[in-house]
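S.K.: Numbering (the UniProt record's numbering), first residue to last: 1 to 926.
Don't be surprised by glycine CBs; every beta carbon is placed ideally from N, CA and C.
One structure, as structure tokens, below. Some questions next.
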């Protein structure tokens with residue numbers, strides 16, 4: 001295949017030289033070894049001096065390397081055998097452990113949401129999760145079990161978890177024969193194909209990830225199939241535009257679309273395949289036998305197969321996603337109100353369109369998706385505050401969200417001729433309907449910031465006090481709705497987007513997205529900020545009603561009040577929903593930061609500095625850890641290629657051409673492509689500020705393993721076949737030894753603490769040997785060192801039971817509220833929801849305030865959306881006990897109350913008295 005590395009080999013002729021054929025069948029050698037075009041010996045400009053391994057020549061334009069593979073029955077036998085071995089390796093002890101492991105708490109739960117049609121939000125595309133749902137459906141999962149926390153017992157709940165784990169295990173197994181196909185399609189022999197397959201088969205990290213309900217197994221599966229199809233496409237260059245040629249081209253695009261539909265890491269395939277395509281099309285320009293029309297046909301074919309097909313596949317899976325999730329759910333509040341109207345049982349608001357002086361309104365954050373401008377009869381309690389009435393953002397529609405629009409301080413509105421609409425740039429005051437306080441700001445710092453650009457918002461006023469100019473805010477209309485005339489000139493409910501600018505301080509009412517302390521019921525902070533971006537300071541009126549007492553209308557005009565224009569949210573179409581969901585995914589991924597104890601930066605991945613703890617029991621545990629011999633060998637091969645290519649480049653300039661045992665063109669083409677692919681799947685992570693983990697390296701690891709196989713082939717090409725096979729056997733045996741050594745933490749096999757400690761080859765490998773027999777987390781004696789004893793120990797080894805009392809709120813109760821409304825807010829904010837289940841907080845959606853942490857400046861519109869709050873949309877004028885926000889984040893980034901997802905179960909009772917979202921509660925989807 002052609003790559004930036006392989007296209008510049010400057011190799012005369014179009015194929016491998018005679019005498020240096022691929023290892024494999026006679027048919028392979030015959031088809032892959034056409035002769036080199038002869039070089040004229042009479043022309044000094046093209047004379048050559050041949051030696052056994054070095055050739056000094058004048059350069060001719062290079063021809064791309066196109067491997068040919070004649071499939072034989074030997075290949076069939078090899079594929080069958082390595083597939084059976086791969087299935088055995090991936091499916092061995094698949095039922096262990098019979099507990100919820102690591103991020104199965106997320107993706108198992110999402111599978112249940114698909115089965116019962118309840119909407120959820122996740123920061124990854126939907127395909128892999130839908131595959132788990134399909135596997136669960138076929139296995140008999142009914143979607144009821146909620147995968148709420150790590151360590152929950154599958155067997156006791158009757159969950160067919162083995163069937164759900166079988167799907168990723170089989171996908172992981174298929175990557176092994178797909179590796180063989182890829183290597184053979186690159187022009188290598190059967191022995192190298194088998195060796196590469198064994199390196200992938202016995203890689204502990206890939207095995208661990210493919211045995212659990214996690215997204216990376218489908219991602220790696222589609223990534224491998226994408227490049228396997230691309231390699232097969234290159235074997236068809238002698239039969240262009242034939243059905244087989246089209247099949248492999250379109251299959252490449254389809255697999256790329258599926259990879260991107262599992263996780264956005266799959267998008268890294270596009271620049272890799274794109275560079276190869278550009279290099280190929282550039283080479284074709286030099287082919288004078290190719291007419292412009294034919295070249296244009298090649299260009300269009302690749303545009304269709306590698307751009308339109310993946311895009312269609314990506315959009316198709318989102319269409320299926322939205323069709324399956326048709327009912328509203330808790331996570332619907334993450335989406336815009338227009339999105340929520342598309343869900344059955346979702347948001348359905350109809351309100352007066354025009355906002356007048358005297359109107360009662362409910363203001364909602366437009367982009368933050370947190371809820372409503374809110375106040376209640378409790379004072380600010382922070383040291384630098386005013387002690388005036390709290391103003392917050394609250395996620396449920398209740399009486400305390402209602403504000404009355406009044407003219408600016410010391411001004412009036414002439415309503416003698418009817419209600420007066422609120423115009424653009426009007427200066428207004430907002431009076432809280434329940435308490436009578438005015439929205440107010442002054443030179444006091446807010447609760448969660450000490451910056452001199454941020455000011456406290458409060459409710460201020462008392463009897464016989466008319467207020468002051470610090471109650472004045474100017475309406476700054478950002479834009480209206482083109483379908484509602486006048487929405488950019490006057491404030492209209494739903495259609496007008498605006499900011500509130502304080503008249504004296506020149507700051508904007510701003511959603512900080514930070515969760516307040518318990519004394520503010522853990523609602524979301526709102527302050528007044530100078531020089532902030534519009535994104536988190538944009539508001540709109542969701543509900544407006546002009547009481548007849550405030551309208552100035554006579555009794556005869558009461559009918560006109562009922563006939564006023566109405567406004568409602570318009571439903572988003574499919575394209576709008578896809579666009580919004582992807583924007584939210586981008587925001588969520590970009591802001592996924594934290595201090596996860598097993599997070600790892602990209603510079604630590606290739607040399608396997610550490611892994612990730614997944615689960616722990618008594619005598620056994622699961623730790624995501626690679627096969628060190630495979631990882632180190634793969635890294636060394638990539639670095640060796642870079643060094644060798646650099647040396648060859650210098651030698652080429654001096655017209656010295658090492659033949660590399662006759663493998664130069666094949667090695668530079670195949671290894672060059674996969675080194676570029678490795679870099680394309682590895683280097684971008686250095687540009688990401690989000691929290692990263694070692695499993696993000698798995699696609700790049702597979703590509704580096706192929707480079708390792710190609711390198712072993714290169715350095716054994718000049719030795720006798722027996723010595724070559726012996727070297728391959730030695731490599732395979734060493735890899736198998738390392739695999740068996742670390743299989744205890746791959747399969748959760750029981751072992752002793754001493755044996756565990758001996759496998760820590762590096763000091764940075766921090767798997768917890770205290771879970772092994774003899775450790776402090778195991779009370780059982782070490783088993784006898786016999787298979788029978790190990791099998792007996794496996795039966796009794798179990799994770800410590802996680803104690804969760806769902807009747808206890810997730811955070812400690814605060815003092816009694818002033819009234820029933822505030823008591824309800826307090827109860828909900830303290831962590832309980834309707835079912836009595838502790839609320840969950842996701843790191844990027846709600847930030848805990850740390851007084852020692854340096855406040856962040858508002859510098860970008862790409863900030864993450866804050867904590868999710870479940871909205872309620874009943875009549876806000878009805879007197880009822882309000883319900884406070886459960887402050888529940890999207891499930892995919894929710895906190896696992898009282899424990900980290902990466903920590904093994906240790907028998908510790910979860911402390912339900914911790915504040916929700918505390919530093920010890922972070923559980924981030926990886």
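My output table needs one value for residue 75: the three-state DSSP class, helix, strand or coil.
M.R.: Here residue 75 refers to the residue found at position 75 of the chain shown. Helix, per DSSP.
S.K.: For residue 941, which three-state DSSP category applies?
M.R.: Outside the shown range of the chain, which is 1 to 926, sits residue 941, and nothing can be said about it.
S.K.: Using the three-state DSSP reduction, which class does residue 269 fall into: helix, strand or coil?
M.R.: Sequence index remark: in the chain shown, residue 269 carries index 269 (1-based). Three-state DSSP puts residue 269 in a helix.
S.K.: Determine the contact status of residue 111 and residue 154, defining contact as a CB-CB distance below 8 Å.
M.R.: Mapped onto the chain shown, residue 111 falls at position 111. Mapped onto the chain shown, residue 154 falls at position 154. Contact: no.
S.K.: Going by alpha carbons, who is nearest to residue 498 out of 464, 541, 514, 511?
M.R.: In the chain shown, counting from the first residue as 1, residue 498 sits at position 498. Comparing Cα-Cα distances from residue 498 to each of 464, 541, 514, 511, the minimum goes to 541.
S.K.: Using a Cβ-Cβ cutoff of less than 8 Å, which residues in the same chain neighbour residue 599 once the five nearest sequence positions on both sides are dropped?
M.R.: The count along the chain shown starts at 1 and reaches residue 599 at position 599. Around residue 599: 691, 692, 693.
S.K.: Quick one, are the C-beta atoms of residue 102 and residue 615 less than 8 Å apart?
M.R.: By 1-based counting over the chain shown, the position of residue 102 is 102. By 1-based counting over the chain shown, the position of residue 615 is 615. Against a cut-off of 8 Å, the Cβ pair of residue 615 and residue 102 comes out as a contact.
S.K.: Does DSSP put residue 613 in a helix, a strand or coil?
M.R.: Stepping through the chain shown from its first residue, residue 613 is reached at position 613. Residue 613 falls in the strand class under three-state DSSP.
S.K.: Mapping the DSSP letters down to three states, classify residue 506 as helix, strand or coil.
M.R.: As a working mapping, residue 506 is identified with position 506 in the chain shown. Residue 506: coil per DSSP, three-state reduction.
S.K.: Would you tell me roughly how many angstroms separate the C-alpha atoms of residue 305 and residue 246, rounded to the nearest one?
M.R.: Along the chain shown, one-based indexing puts residue 305 at 305. Along the chain shown, one-based indexing puts residue 246 at 246. Taking the straight line joining both Cα atoms gives about 8 Å.
S.K.: Could you compute how far the alpha carbon of residue 590 sits from the alpha carbon of residue 253?
M.R.: As a working mapping, residue 590 is identified with position 590 in the chain shown. As a working mapping, residue 253 is identified with position 253 in the chain shown. Each residue's Cα considered, the two are about 26 Å apart.
S.K.: Give the secondary structure of residue 474 by DSSP, where H, G and I count as helix, E and B as strand, and everything else as coil.
M.R.: As a first step, residue 474 is located in the chain shown; it is residue number 474 there, counting from the start. In this structure, residue 474 counts as strand in the three-state DSSP scheme.
S.K.: Locate the beta strand (DSSP E) running through residue 150, then write down its first and last residues.
M.R.: Translated into the one-based positions of the chain shown, residue 150 becomes position 150. Taken as a continuous stretch (DSSP letters only), residue 150 belongs to no beta strand (DSSP E), as it is neither H nor E.
S.K.: Taking all protein chains shown into account, decide if residue 719 is buried (16 or more other Cβ within 10 angstroms of its Cβ) or exposed.
M.R.: As a working mapping, residue 719 is identified with position 719 in the chain shown. With fewer than 16 Cβ atoms within 10 Å of its Cβ, residue 719 is classed as exposed.
S.K.: For residue 541, write down the residues that DSSP places opposite it in a beta bridge.
M.R.: As a position in the chain shown, residue 541 is number 541, starting the count at 1. According to DSSP, which records beta bridges pairwise, residue 541 is partnered with 363.
S.K.: Sort out for me which residues DSSP pairs residue 511 with in a bridge.
M.R.: Within the chain shown, residue 511 is the residue found at index 511, counting from 1. Bridge partners of residue 511: 526.
S.K.: DSSP on residue 160, reduced to helix/strand/coil?
M.R.: Sequence index remark: in the chain shown, residue 160 carries index 160 (1-based). Of the three classes helix, strand and coil, the one that applies to residue 160 here is coil, per DSSP.
S.K.: Please say whether residue 131 and residue 167 have beta carbons closer to each other than 8 Å?
M.R.: On the chain shown, position 167 is the one that residue 167 refers to. On the chain shown, position 131 is the one that residue 131 refers to. Contact: yes.
S.K.: Pull up the DSSP beta-bridge partners for residue 406, would you.
M.R.: Here residue 406 is taken as the residue at index 406 of the chain shown, counted from 1. Answer is 429.
S.K.: Can you list, in chain order, the residues of its chain whose CB lies under 6 Å from that of residue 145, leaving out five sequence neighbours each side?
M.R.: The sequence position of residue 145 within the chain shown is 145, counting from 1. Excluding residues within five positions, the ones whose Cβ falls inside 6 Å are 157, 159.
S.K.: Could you check how far apart the C-beta atoms of residue 438 and residue 471 are, in whole angstroms? I think they sit under 8 Å.
M.R.: What you label residue 438 is simply residue 438 of the chain shown in a count that begins at 1. What you label residue 471 is simply residue 471 of the chain shown in a count that begins at 1. About 4 Å; that satisfies the 8 Å criterion.
S.K.: Between the Cα of residue 524 and the Cα atoms of 482, 501, 446, which residue gives the shortest distance?
M.R.: The count along the chain shown starts at 1 and reaches residue 524 at position 524. It is 446 whose Cα lies nearest to the Cα of residue 524.
S.K.: For residue 312, which three-state DSSP category applies?
M.R.: Taking the chain shown and counting its residues from 1, the one referred to as residue 312 is at position 312. Reduced to three states, the DSSP call for residue 312 is helix.
S.K.: Whole angstroms are fine: how far does the CA of residue 512 sit from the CA of residue 501?
M.R.: Your numbering for residue 501 matches position 501 in the chain shown. Your numbering for residue 512 matches position 512 in the chain shown. In a straight line, the C-alpha of residue 501 is about 16 Å away from that of residue 512.
S.K.: With H, G and I counted as helix, E and B as strand and the rest as coil, what does DSSP make of residue 85?
M.R.: Within the chain shown, the letter at position 85 stands for residue 85. Of the three classes helix, strand and coil, the one that applies to residue 85 here is helix, per DSSP.
S.K.: Report the partner residues of residue 773 according to the DSSP bridge assignment.
M.R.: On the chain shown, position 773 is the one that residue 773 refers to. Looking at the DSSP assignment, residue 773 forms a beta bridge with 752.
S.K.: Within the same chain, show all residues whose beta-carbon is closer than 7 Å to that of residue 319, passing over the 5 residues directly before and after it, in chain order.
M.R.: By one-based count along the chain shown, residue 319 stands at place 319. So the list reads 574, once near-sequence residues are dropped.
S.K.: From residue 213 to residue 635, what distance separates their C-alpha atoms?
M.R.: Looking up residue 213 in the chain shown gives position 213. Looking up residue 635 in the chain shown gives position 635. The alpha-carbon atoms of residue 213 and residue 635 are separated by roughly 28 Å.
S.K.: Spell out the partners DSSP gives residue 208 in its beta bridges.
M.R.: On the chain shown, position 208 is the one that residue 208 refers to. Residue 208 is not bridged to any residue.
S.K.: Checking the sheet assignment: what are the DSSP bridge partners for residue 500?
M.R.: Counted from its first residue, the chain shown places residue 500 at position 500. Looking at the DSSP assignment, residue 500 forms a beta bridge with 475.
S.K.: Would you call residue 495 buried or exposed, if buried means 16 or more other Cβ atoms sit within 10 Å of its Cβ?
M.R.: Within the chain shown, residue 495 is the residue found at index 495, counting from 1. It counts as buried.
S.K.: May I have the straight-line CA-CA distance separating residue 460 from residue 442, to the nearest angstrom?
M.R.: Along the chain shown, one-based indexing puts residue 460 at 460. Along the chain shown, one-based indexing puts residue 442 at 442. Distance between the alpha carbons of residue 460 and residue 442 is about 10 Å.
S.K.: Going by DSSP, what residues sit across from residue 987 in a beta bridge?
M.R.: Absent from the structure is residue 987, since the part of the chain shown begins at 1 and ends at 926.
S.K.: Please work out which residues of its chain come closer than 6 Å, Cβ to Cβ, to residue 96, disregarding the five sequence neighbours upstream and downstream, and give them in chain order.
M.R.: The residue given as residue 96 occupies position 96 in the chain shown. So the list reads 748, once near-sequence residues are dropped.
S.K.: Spatial neighbours of residue 250 within its chain, please: CB distance less than 7 Å, with the 5 preceding and 5 following residues excluded, ordered by chain position.
M.R.: Along the chain shown, one-based indexing puts residue 250 at 250. Excluding residues within five positions, the ones whose Cβ falls inside 7 Å are 305, 309.
S.K.: Measure the C-alpha to C-alpha separation of residue 272 and residue 279 and round it to an integer number of angstroms.
M.R.: Sequence index remark: in the chain shown, residue 272 carries index 272 (1-based). Sequence index remark: in the chain shown, residue 279 carries index 279 (1-based). If I take the Cα positions, the gap works out to 11 Å.
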